[in-house]
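K.L.:
Following our numbering, the numbering of the sequence shown begins with 86 at its first residue and continues without gaps. Idealized CB from N, CA, C, for every residue including glycine. First, the structure itself, so that you have it in front of you.
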Amino acid sequence: MGDMDKQYTMLKNKEIIVGITGGIAAYKTAELVRELSKRGANVHVVMTKNAMAFVTPLTFQTLSGNPVVHEMFELFAGSKIGHIALSDIADQMVIAPATANIIGKIANGIADDFLTTMVMATTVPILFVPSMNTKMWGSPMVEANIMKLKEAGYEVMEPESGDLACGTSGKGRMPRIEDVLEKMEDIFTEKDLINERVLVTAGPTTEYIDPVRCITNKSSGKMGYSIAKIAKRRGADVILITGKTYVAPPRTDMRIIEVETACEMRDAVMEHHRYCSIIIKAAAVADFKCKNETCQKMKKGDDNIVLLELEKNPDIIGELGKIKEQRILIGFAAETQNLFDHAAEKLKKKNLDIIVANDVSRSDIGFGSDSNEVTIIEATGGAKHVPMLSKDEIAHIILDAAKKALKKKKRVEEDWY
C-alpha cells in the first residue's frame, strides 16, 4: 500500500523564511507565521525597516519562537553573516506582503537591506504575496517587474479584489492566508500525477419530495474536496462533480460541475469519465428518489401516516464498473457496522480497483469532520488500515494507491480532447 509513514504535512520540519515589508497588510502576516508554526515549520522572520513601523518585531518573535532579523550585517552562530546563514538553511522563502517597492528592487537586482540581500543569496523557491493600491498594481512599471520576477523563476500570487486600506476598492488586497499556505504546500509537493486526468465526485445528492422537502444525507463533501485539491496539487488535470453542500469547493484551478440529483450526477459522470484515467467516487449518492415528485407543496393533512413511494436511483459506480476498461475506479463504503466485510463485498460486486471504507457512526470522523480514519482495500488483495489523519493526508494516501494501481494497467489510449 505504499509508505504509510510518509509525511503529507508538507510544511512539517521545513525551514521557512518569512520576509515582511512596509505595507498595511503586514499585520496579516502574523497569522501566516502562526499557521506555519502550527503546521510544524521552523519560521524565521526578516523585516524591513518600514515593516517595523506597522508591526513590532516582538510580535513575530513571540509567534515564531525565533529572533527577528532586520539588521543588514547581523551575525548568526559561527559568526556567519546573517543573510548567508539563513539562505544556507532555508527550504522556502515567502515575502508577505510584497509591496511595489520590494518587487521593484528584487526584479532589478537591488540588494540594499537584509531582505533583498538574502533573496539574492538564496537558491530555494521564493513566493511573492503582493499587496498594494489598485492603481499601483496596474501600473506598467509594476507589471513589468512582476514579469521579470516570473521569468527569473519566482512564484508570484495574484492579489485579491476588495476594499483597500486607502479607501478605494479594487484589485490589490493581500491574498487569504489559507491560500498562501496552499501555495506554499503546492511548491513542496511532487508533481507525480502531471500526465493524469482525475474525476472526483463529492458531496450529497438531493431528491425532492415536493418544492420544499427533500431526501438527502449528511455528506459535507470535505473528503472529495480534499481528494480533488490534492490531485490538482500533485499535477493532475481534475474534474470535480459535486452535490450542493455548505462547504466551499477548492479554490484551485479545476473544472467544477455542480449537480443536485443522482440522475444529474450520473449524467455528468458519464459525460466526462471516458477522458479520465482515475475515477474516485467519494460522493454520497442517494439510493432512492420519490417516484412521484409533486409540483406543489404537500399539505400536512390530518393523517398520522404519510406514505412515500420510492424507486431506486441509478447505480453510478456499478455502471462505471462495467465499462471502466483500463481506468482506475475507486469507491467509498460509508458503513456503521461490519465495515470490512461490507466494503469488501461492494469492491467485488461493483468491479472496483480500490475501496475506501470508513465508519460513519463515529462523531469524530466522517461526515462534516476535518479528519478521517479509513481502511483501504485493493482488488488485488491488499488492505491497510489508516489511523485518524486529516482528510488532506488521507487524500494523499488514496492517490498513492491509485497511482500504484495505475502502473499495473495499460494507460488510457483515448484522446482526452
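Indicate the three-state DSSP secondary structure (helix, strand or coil) for Arg258 in the structure shown.
P.N.:
strand
K.L.:
By how many angstroms is the C-alpha of Thr207 removed from the C-alpha of Ala175?
P.N.:
8 Å
K.L.:
Quick check: the Cα distance between Gln123 and Leu96, rounded to an integer number of angstroms?
P.N.:
The residue asked about is misnamed: residue 123 is Lys in this sequence, not Gln. Going from the Cα of Lys123 to the Cα of Leu96 covers about 10 Å.
K.L.:
Using alpha carbons as the reference points, say which of Ile341, Ile440, Ile191 lies closest to Ala229.
P.N.:
Ala229 has its Cα closest to that of Ile191, out of Ile341, Ile440, Ile191.
K.L.:
Return the first residue and the last residue of the alpha helix (DSSP H) that Thr219 is part of.
P.N.:
219–222
K.L.:
Span of the beta strand (DSSP E) holding Lys329?
P.N.:
Segment: none, Lys329 is in no beta strand (DSSP E) and carries neither H nor E.
K.L.:
Kindly confirm or deny that the segment 294–308 and the segment 226–242 touch, where touching means at least three C-beta pairs closer than 8 Å.
P.N.:
Fewer than three beta-carbon pairs drawn from the segment 294–308 and the segment 226–242 are found closer than 8 Å, and the two stretches are therefore not classed as touching.
K.L.:
When burial is assigned at 16 or more other CB atoms within 10 Å of the CB, is Cys361 buried or exposed?
P.N.:
buried
K.L.:
With distances taken between CB atoms, is the gap from Thr290 to Thr253 smaller than 9 Å?
P.N.:
no
K.L.:
What does the alpha-carbon distance come out to for the pair Phe139 and Gly194?
P.N.:
26 Å
K.L.:
In the structure shown, what three-state DSSP assignment does Glu345 receive?
P.N.:
coil
K.L.:
Under 9 Å, do Gly238 and Asn186 count as touching if we go by C-beta distance?
P.N.:
no
K.L.:
Among residues of its own chain, excluding the 5 on either side of Lys233, which ones have a beta-carbon nearer than 8 Å to its beta-carbon?
P.N.:
Ala192, Asn193
K.L.:
Once you ignore the five residues that flank Ser311 on each side, which residues in its own chain have a CB closer than 6 Å to its CB?
P.N.:
Lys476, Asp477, Ala480
K.L.:
Measuring alpha carbon to alpha carbon, tell me which residue in Ile401, Ile402, Pro399, Cys375 is nearest Leu393.
P.N.:
Nearest to Leu393 by alpha-carbon distance, out of Ile401, Ile402, Pro399, Cys375, is Cys375.
K.L.:
For Pro215, count neighbouring Cβ atoms within 10 angstroms of its own Cβ and tell me buried if that reaches 16, exposed if not.
P.N.:
Pro215 is buried by the Cβ-count criterion.
K.L.:
Would you tell me roughly how many angstroms separate the C-alpha atoms of Ile102 and Met203, rounded to the nearest one?
P.N.:
10 Å
K.L.:
Taking only the alpha-carbon atoms, compute the straight-line gap between Phe417 and Ala468 and give it to the nearest angstrom.
P.N.:
14 Å
K.L.:
Using three-state DSSP, classify Ala126 as helix, strand or coil.
P.N.:
coil
K.L.:
Could you please give the first and the last residue of the uninterrupted alpha helix (DSSP H) stretch that includes His481?
P.N.:
For His481, the uninterrupted alpha helix (DSSP H) segment begins and ends at 476–492.
K.L.:
Which same chain residues end up closer than 6 Å to Met383 when comparing Cβ atoms and leaving out the 5 residues on each side of it in sequence?
P.N.:
Excluding residues within five positions, the ones whose Cβ falls inside 6 Å are Asp295.
K.L.:
Using 10 angstroms around the beta-carbon of Thr286, count the other beta-carbons present and answer buried if the total reaches 16, otherwise exposed.
P.N.:
Buried: at least 16 other Cβ atoms inside 10 Å.
K.L.:
How far does the beta strand (DSSP E) with Phe417 in it reach, from first residue to last?
P.N.:
413–420
K.L.:
If you draw a straight line from the C-alpha of Ile532 to the C-alpha of Asn389, how long is it?
P.N.:
In the structure as shown, the chain begins at 86 and stops at 502. Residue 532 is therefore absent and cannot be evaluated.
K.L.:
Would you tell me roughly how many angstroms separate the C-alpha atoms of Leu424 and Ala442, rounded to the nearest one?
P.N.:
7 Å
K.L.:
Taking all protein chains shown into account, decide if Ala371 is buried (16 or more other Cβ within 10 angstroms of its Cβ) or exposed.
P.N.:
buried
K.L.:
Does any C-beta atom of chain D lie closer than 9 Å to the C-beta of Ala316?
P.N.:
Judged by its chain identifiers, the structure shown contains no chain D, having just a single protein chain.
K.L.:
So for Pro225, helix, strand or coil by DSSP?
P.N.:
Three-state DSSP puts Pro225 in a helix.
K.L.:
Kindly list the residues whose CB is nearer than 8 Å to the CB of Ile440, restricted to its own chain and excluding five residues on each side of it in sequence; keep chain order.
P.N.:
Ile415, Gly416, Phe417, Ala418, Ala428, Ala429, Lys431, Leu432, Ile461, Ile462
K.L.:
Is Thr445 helix, strand or coil when you go by DSSP?
P.N.:
As written in the sequence, residue 445 is Val, which differs from the Thr given in the question. Of the three classes helix, strand and coil, the one that applies to Val445 here is coil, per DSSP.
K.L.:
Tell me, please, which residues DSSP counts as bridged to Ala175.
P.N.:
Paired residues: none, contrary to the question.
K.L.:
Could you spell out the range, first to last residue, of the beta strand (DSSP E) harbouring Lys458?
P.N.:
It should be noted that the sequence gives Glu, not Lys, for residue 458. Its beta strand (DSSP E) spans residues 456–463.
K.L.:
What span of residues does the beta strand (DSSP E) with Pro215 cover, start to end?
P.N.:
211–215
K.L.:
If we call anything under 9 Å between Cβ atoms a contact, is Thr327 one with Val354?
P.N.:
Remark: C-beta atoms of Thr327 and Val354 do not approach each other more closely than 9 Å.
K.L.:
Whole angstroms is fine: what's the gap from Gly406's alpha carbon to Lys329's?
P.N.:
25 Å
K.L.:
Taking the CB atoms as reference points, tell me whether Asn151 and Val179 lie closer together than 9 Å.
P.N.:
The answer is no: Cβ separation not under 9 Å.
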